[in-house]
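Data first, discussion second: the structure below is written as structure tokens.
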Amino acid sequence: MKEQLFIGSAVAIVTPFTDKGVDYQTLEELIEFQIKGGSDAIVVCGTTGEASTMPDDEHIAVIKFVVEKTNKRVPVIAGAGSNDTRHAIELSKAAEAVGADAILSVTPYYNKATQKGLYGHFKLIADNIKIPMILYNVPSRTNSNLDVDTIKALSGIDNIIAIKECNLGQIGDVVNVCGEDFTVYSGDDNAILPVLSLGGKGVISVMANIIPQDTHNMVMKFIQGDINGAIKLQLHTLNLIKALFSEVNPIPIKAAVKLLGFKAGQCRMPLTELSDNNLELLRTEMKAYGLI
Numbered sequence: 030m031k032e033q034l035f036i037g038s039a040v041a042i043v044t045p046f047t048d049k050g051v052d053y054q055t056l057e058e059l060i061e062f063q064i065k066g067g068s069d070a071i072v073v074c075g076t077t078g079e080a081s082t083m084p085d086d087e088h089i090a091v092i093k094f095v096v097e098k099t100n101k102r103v104p105v106i107a108g109a110g111s112n113d114t115r116h117a118i119e120l121s122k123a124a125e126a127v128g129a130d131a132i133l134s135v136t137p138y139y140n141k142a143t144q145k146g147l148y149g150h151f152k153l154i155a156d157n158i159k160i161p162m163i164l165y166n167v168p169s170r171t172n173s174n175l176d177v178d179t180i181k182a183l184s185g186i187d188n189i190i191a192i193k194e195c196n197l198g199q200i201g202d203v204v205n206v207c208g209e210d211f212t213v214y215s216g217d218d219n220a221i222l223p224v225l226s227l228g229g230k231g232v233i234s235v236m237a238n239i240i241p242q243d244t245h246n247m248v249m250k251f252i253q254g255d256i257n258g259a260i261k262l263q264l265h266t267l268n269l270i271k272a273l274f275s276e277v278n279p280i281p282i283k284a285a286v287k288l289l290g291f292k293a294g295q296c297r298m299p300l301t302e303l304s305d306n307n308l309e310l311l312r313t314e315m316k317a318y319g320l321i
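Positions in the sequence shown are counted from 1; adding 29 to them yields the numbering used here.
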């Protein structure tokens, strides 16, 4: 059996920035908030962490910092994707070297590789590291979909253990063909329950940045058989989720983290601040949820 890295909720943690770089003091505060709040793993330097605007040295320094501050209390999963296979291998090896428990590797964007190319890309990365690897399929951002047959083939590689799947329409087929030895996580906060109902084991979550306990509880209630409790939690989050995705992620979630009182800083360009109208919507929904 393959290792199951976590069951429950992994937070796709934001990266707090200042004008000079990463705000490591706030990042440590966010790590502690997540662990105390019940997050089952931390995903660092993913989409929500703005890895696409981080130079490699900063990217790896942030992974190293999170590994050290987490200190094995929960698994640390490092975003290490690229549309350049050589670059993805370098990032993945560097993440492994600084102690990441696993990597999250996104489907190459812009290049529009064939399924043969996608298989070769992920296989080469996996062959160059020993730690587990989670595939990340997010067609809305990459304009590329990992087809079910390709996921099935990749699941046969020993250290490719899971997928963060954002293509809801193929999740049932992925679970069917890959079997229980391969873990499926929801990549969308508004689809946690549908994914769990099809055999998924959790979520890699944006909203967990501000509601870690509820996100964890939603998954665990379902797994432990409290289906109605899980449904109530999912339905309770929907208006908040709409506000958190009123603009492209991570613009709203960074604003939400600041509304909680953390010094998360601004998103890096070309991402901008949340508009006044959407900030008011976010504030309203966070008040309704009881967060502020």
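Beta carbons: idealized from backbone N, C-alpha and C, even for Gly.
Here N112 carries a coil assignment [DSSP, helix/strand/coil]. Under the DSSP definition of a beta bridge, G50 partners with T47. The Cβ neighbour count for Y139, taken over all protein chains shown within 10 Å, is under 16; the residue is labelled exposed.
Taking the Cα positions, Y148 is about 10 Å away from T136.
Counting other Cβ atoms within 10 Å of its Cβ, T301 stays below 16 and is therefore classed as exposed.
Counting along the chain, the unbroken alpha helix (DSSP H) around N268 starts and ends at 256–273.
As DSSP reads the structure, A39 sits in a beta bridge with A70, I233.
Nearest to M249 by alpha-carbon distance, out of M30, I36, E32, K31, is I36. Excluding the 5 residues flanking it on each side, H245 has same chain C-beta neighbours closer than 7 Å at G37, S38, G67, S68, D69, in chain order. Contact check for P241 against Q33 fails: the beta carbons are separated by 9 Å or more. Within the DSSP secondary-structure output, S169 pairs in no beta bridge. A Cβ-Cβ separation of about 4 Å places A272 in contact with L311 under the 8 Å criterion. Only buried fits P104, as 16 or more other CB atoms lie within 10 angstroms of its CB.
Unbroken beta strand (DSSP E) runs of no fewer than 3 residues, entirely contained in the region 125–192, are found at 131–135, 162–166, following chain order. For the set H116, L289, V127, the Cα lying nearest the Cα of I106 is the one of V127. About 6 Å separates the CB atoms of G294 and T47; that is less than 8 Å, so the two are in contact. Contact check for F291 and E97: beta-carbon distance about 20 Å, past the 8 Å limit, so the pair fails to qualify.
Taking the Cα of L56 as reference, the smallest distance to any Cα among A41, K31, V95, V40 is reached at V95.
Put simply, the backbone Cα of K152 is about 46 Å away from that of K316.
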